[in-house]
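J.: Using full-length UniProt numbering, the first residue of the sequence shown is number 1, and each one after it goes up by one. Cβ coordinates follow ideal geometry from the N, Cα and C atoms, glycine included. Pasting in a structure now, in structure tokens, and then I'll have a few things to ask.
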Amino acid sequence: MAASTASTAASCRTATSSTRLTALAPPSTTSFTIPSKTPQKPLHITLSKNPISDIISTYKTSSNSDSAIPFDVEDKPREECGVVGIYGDPEGSRLCYLALHALQHRGQEGAGIVSVHDNVLHSVTGVGLVSEVFSESKLDKLPGDMAIGHVRYSTAGASMLKNVQPFVAGYRFGSVGVAHNGNLVNYQALREELEENGSIFNTSSDTEVVLHLIAISKARPFFLRIVEACEKLEGAYSMVFLTEDKLVAVRDPFGFRPLVMGRRSNGAVVFASETCALDLIEATYEREVYPGEVIVVDKEGVQSVCLMPHFEPKSCIFEHIYFALPNSVVFGRSVYESRRAFGEILATESPVDCDVVIAVPDSGVVAALGYAAKAGVAFQQGLIRSHYVGRTFIEPSQKIRDFGVKLKLSPVRAVLEGKRVVVVDDSIVRGTTSSKIVRLIKEAGAKEVHMRISSPPIIASCYYGVDTPSPEELISNRMSVEEIREFIGCDSLAFLPIDSLKKLLGSDSPNYCYACFSGKYPVEPTGKVKRVGDFLDDGLSGSMESIDGGWLSGTRNKKVEEINSSA
């Protein structure tokens, strides 16, 4: 599968170098025809779950805010978005709803769907889980055989409510909707340039920049406007666009974020961030959208166009470590097989005498299975995860130590008591949660606790659509492995060696981005670094003031400089 993908992508690169807008016909893509609609004057109607003014005016801070803790206490990088696009199915919005449910792990703070019916774009968006935003009556407001959808993660705050995607905008030739996964590193420069030329922005989202660039483009037909707009973008973007008669999918030339294409038995074309979304709606996986590719789907069929000359792909390795579901195929590889192999490598290169292997659920489970199988030690459920913790939880006035972790994870004393325990987790970011987990396991009677991490140490921030802390807050950027071991309180600690990770990936190794492990950025966020305490704002949350305040000029951190100088 990976070889086939590489071969077709290579042909795209070859075609691009000679003719930028050469139409391609990949072997897995065939055309189909859908009866044309009756011409009608384009309109723009938005049916929002809550008008922005209503949301902001009715948003209240809980009187118990001091005692309410956020539901997500995990110290993990956070994937920001998931996208879906469907063309040619009479139940487009309902299938989109189900696909978004399958992608819920990629974002839990907001969801939206835009559909097309009789040349009219209809939109329903809201804050919360997919099941909270959509109901039967809401889906009834989304008729048509074309739809795009979006789920998103964002830090909390009232200002995030207005930024729920997909966005819909009207311009002189009609209307367009867009859903975006990624982060544009030149967003601020583009926005400033557009504002100087008279553009007015309604949100703090980098995605809105794309809509403005499309609106001011003079290129015809529509997909050339997308091409012209994307040529000005730098960073990570996997996007789906919807017009009155077209569905368009596009992926940045580096292919940072995943985007796949499938097809249902009735011929409907489906795009999604992961193959797990295709599985739920019974669509057959065909291939990835290649880095730098634009795919246009309309009544004429499916057309593939090269966006621009390709660089060497730099797909996000954390999709295989943490973000994607184990049952997905991402970048042509099984996520399950990757994680199991990570665990096997840890067992081979960092063995330790133990009685039982457990995982930090859910993301550490597959790697733990690999570790246990290779080590010849039983895997057991030593930590039980609660899936019913609400979005916030009121802590009693009598403080409970490690309250947030205890809400989500419960140790099984029968598995742990008197045992030498290997605990497999996918990553350590700040180290605060890891220390609480170790303490939880030891309080349950474990004789020894040995942490094994199925990723290399994270020493640098991500600027390509993943929410990570500043380098100063990353524990692996400040401490050695032994110092981290002492900090979290375990008896031994080992990370997945990056050389072993690259060896496992084989010939595909150069096609992955390792910036969070090395500080080497394929697309440099020029002169900008994160401050301590700032979140990565890709426009999903925060005002313009918070964006400006969240970035400042500066030099890169010391450990990154040392790594680069020795490379």
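1) Can you tell me which of the three DSSP states Leu142 falls into?
2) In chain order, what residues of the same chain have a beta carbon less than 8 Å from the beta carbon of Glu195, not counting five sequence neighbours either side?
3) Could you check how far apart the C-beta atoms of Val389 and Ala372 are, in whole angstroms? I think they sit under 8 Å.
4) Taking only the alpha-carbon atoms, compute the straight-line gap between Ile52 and Ser123 and give it to the nearest angstrom.
5) Grouping DSSP H, G and I as helix and E and B as strand, with all else coil, what is Asp499?
6) For Gly370 versus Arg401, is the C-beta spacing smaller than 8 Å?
7) Excluding sequence positions up to five away, which residues of its chain have a Cβ less than 7 Å from the Cβ of Cys490?
8) Please state whether the Cβ-Cβ distance between Ile484 and Leu493 is less than 8 Å.
9) Alpha carbon to alpha carbon, what distance is there between Ser480 and Thr284?
10) Are the segment 240–257 and the segment 114–132 in contact at 8 Å, needing three or more beta carbon pairs?
11) Consult DSSP for Tyr87 and reduce its assignment to one of helix, strand or coil.
12) If you draw a straight line from the alpha carbon of Cys513 to that of Ile458, how long is it in whole angstroms?
13) Taking the straight line between their C-alpha atoms, what separation do you get for His105 and Gly88?
14) Is the distance from the Cβ of Pro469 to the Cβ of Val429 below 8 Å?
15) Out of curiosity, what's the CA-to-CA distance linking Gly235 and Phe487?
16) Which residues does DSSP pair with Asp425 in a beta bridge?
17) Thinking C-alpha only, which one of Glu319, Leu98, Thr348, Gly431 is nearest Glu482?
18) Is the beta carbon of Leu407 sitting closer than 8 Å to the one on Leu383?
19) Within this structure, are the beta carbons of Pro351 and Pro291 separated by less than 8 Å?
20) Span of the alpha helix (DSSP H) holding Phe487?
21) Could you check the C-alpha separation between Ile295 and Gln303 for me, to the nearest Å?
22) Counting C-beta neighbours from all protein chains within 10 Å, is the total for Pro166 16 or more, i.e. buried, or is it exposed?
23) Buried or exposed, going by whether 16 or more other CB atoms sit within 10 Å of the CB of Pro396?
24) State buried or exposed for Arg333, treating a residue as buried only when at least 16 other CB atoms are found within 10 Å of its CB.
25) So, for Ser435: in the same chain, excluding its five sequence neighbours on each side, which residues have a beta-carbon less than 8 Å away from its beta-carbon?
26) For a minimum of 4 consecutive residues, which ranges assigned as the alpha helix (DSSP H) are wholly contained in the segment 146–226?
27) Under the DSSP definition of a beta bridge, which residues are partnered with His117?
28) Tell me whether Arg220 is buried or exposed, calling it buried when 16 or more other Cβ atoms sit within 10 Å of its Cβ.
29) Just grab the DSSP bridge partners of Gly110 for me.
30) Roughly how many whole angstroms lie between the Cα atoms of Met146 and Val83?
31) Could you give the first and the last residue of the continuous alpha helix (DSSP H) run that contains Ile321?
32) In terms of DSSP beta bridges, what is Cys276 paired with?
33) Which residues mark the beginning and the end of the alpha helix (DSSP H) in which Tyr97 is found?
34) To the nearest angstrom, report how far apart Ile281 and Val270 are at their CA atoms.
T.: The structure says:
1) As a first step, residue 142 is located in the sequence shown; it is residue number 142 there, counting from the start. DSSP places Leu142 in coil when its eight states are reduced to three.
2) Translated into the one-based positions of the sequence shown, residue 195 becomes position 195. Once the five neighbours on either side are set aside, the close Cβ partners of Glu195 are Phe201.
3) Residue numbering aside, residue 389 sits at position 389 when the sequence shown is read from its first letter. Residue numbering aside, residue 372 sits at position 372 when the sequence shown is read from its first letter. A Cβ-Cβ distance of about 27 Å is found for the pair Val389 and Ala372, leaving them out of contact under the 8 Å criterion.
4) Along the sequence shown, read from residue 1 onward, the residue named residue 52 stands at position 52. Along the sequence shown, read from residue 1 onward, the residue named residue 123 stands at position 123. Confidence at Ile52 is low in this model, with a pLDDT of 26, below 50, so the placement of that residue is unreliable and no value is reported for it.
5) By 1-based counting over the sequence shown, the position of residue 499 is 499. Helix.
6) Within the sequence shown, residue 370 is the residue found at index 370, counting from 1. Within the sequence shown, residue 401 is the residue found at index 401, counting from 1. No, the pair does not count as a contact, with Cβ atoms beyond the cut-off.
7) Within the sequence shown, the letter at position 490 stands for residue 490. If we look at Cys490 and ignore the five residues flanking it on each side, its Cβ neighbours are Val438, Val449, His450, Met451.
8) Translated into positions along the sequence shown, residue 484 becomes position 484. Translated into positions along the sequence shown, residue 493 becomes position 493. Yes.
9) By one-based count along the sequence shown, residue 284 stands at place 284. By one-based count along the sequence shown, residue 480 stands at place 480. Cα to Cα, Thr284 sits roughly 46 Å from Ser480.
10) Under the three-pair Cβ rule at 8 Å, the segment 240–257 counts as touching the segment 114–132.
11) What you label residue 87 is simply residue 87 of the sequence shown in a count that begins at 1. Here Tyr87 carries a strand assignment [DSSP, helix/strand/coil].
12) Here residue 513 refers to the residue found at position 513 of the sequence shown. Here residue 458 refers to the residue found at position 458 of the sequence shown. Cα to Cα, the separation comes out at about 13 Å.
13) Position 105 of the sequence shown, counted from the first residue, corresponds to residue 105. Position 88 of the sequence shown, counted from the first residue, corresponds to residue 88. Their Cα atoms are separated by approximately 26 Å.
14) Here residue 469 corresponds to residue number 469 of the sequence shown, with the count starting at 1. Here residue 429 corresponds to residue number 429 of the sequence shown, with the count starting at 1. Yes.
15) For the purposes of this step, residue 235 is identified with residue 235 of the sequence shown, where counting begins at 1. For the purposes of this step, residue 487 is identified with residue 487 of the sequence shown, where counting begins at 1. The straight-line gap from Cα to Cα measures roughly 35 Å.
16) Position 425 of the sequence shown holds residue 425. Its beta-bridge partners are Ile453.
17) The residue you call residue 482 lines up with position 482 of the sequence shown. Shortest Cα-Cα distance from Glu482 to any of Glu319, Leu98, Thr348, Gly431 involves Gly431.
18) Mapped onto the sequence shown, residue 407 falls at position 407. Mapped onto the sequence shown, residue 383 falls at position 383. No. Outside cutoff.
19) What you label residue 351 is simply residue 351 of the sequence shown in a count that begins at 1. What you label residue 291 is simply residue 291 of the sequence shown in a count that begins at 1. For Pro351 and Pro291, no; Cβs fall outside 8 Å.
20) The residue you call residue 487 lines up with position 487 of the sequence shown. 481–488 is the span of the alpha helix (DSSP H), which, as asked, contains Phe487.
21) In the sequence shown, counting from the first residue as 1, residue 295 sits at position 295. In the sequence shown, counting from the first residue as 1, residue 303 sits at position 303. Each residue's alpha carbon lies about 6 Å from the other.
22) If you number the sequence shown from 1, residue 166 lands on position 166. Label assigned to Pro166: buried.
23) If you number the sequence shown from 1, residue 396 lands on position 396. By the 10 Å Cβ count, Pro396 comes out exposed.
24) Your numbering for residue 333 matches position 333 in the sequence shown. It is buried - the Cβ of Arg333 has at least 16 other Cβ atoms within 10 Å.
25) Along the sequence shown, read from residue 1 onward, the residue named residue 435 stands at position 435. Short of 8 Å from the beta carbon of Ser435, and not among the five residues preceding or following it, lie these beta carbons of its own chain, in chain order: Phe487, Ile488, Gly489.
26) DSSP runs (the alpha helix (DSSP H)) wholly in the segment 146–226: 187–196, 206–216.
27) Translated into positions along the sequence shown, residue 117 becomes position 117. Within the DSSP bridge table, the entry for His117 names Val120 as partners.
28) Within the sequence shown, the letter at position 220 stands for residue 220. Exposed.
29) Taking the first residue of the sequence shown as 1, we reach residue 110 at position 110. In DSSP, Gly110 forms a bridge with Val127, Arg152.
30) Taking the sequence shown and counting its residues from 1, one reaches residue 146 at position 146. Taking the sequence shown and counting its residues from 1, one reaches residue 83 at position 83. Those two C-alpha atoms are separated by around 14 Å.
31) For the purposes of this step, residue 321 is identified with residue 321 of the sequence shown, where counting begins at 1. Run containing Ile321: none; DSSP gives neither H nor E here.
32) The count along the sequence shown starts at 1 and reaches residue 276 at position 276. In DSSP, Cys276 forms no bridge with anything.
33) For the purposes of this step, residue 97 is taken as the residue at position 97 of the sequence shown. Per DSSP, Tyr97 is one residue of the alpha helix (DSSP H) stretching across 92–102.
34) What you label residue 281 is simply residue 281 of the sequence shown in a count that begins at 1. What you label residue 270 is simply residue 270 of the sequence shown in a count that begins at 1. In this structure, the straight-line span from the alpha carbon of Ile281 to that of Val270 is close to 9 Å.
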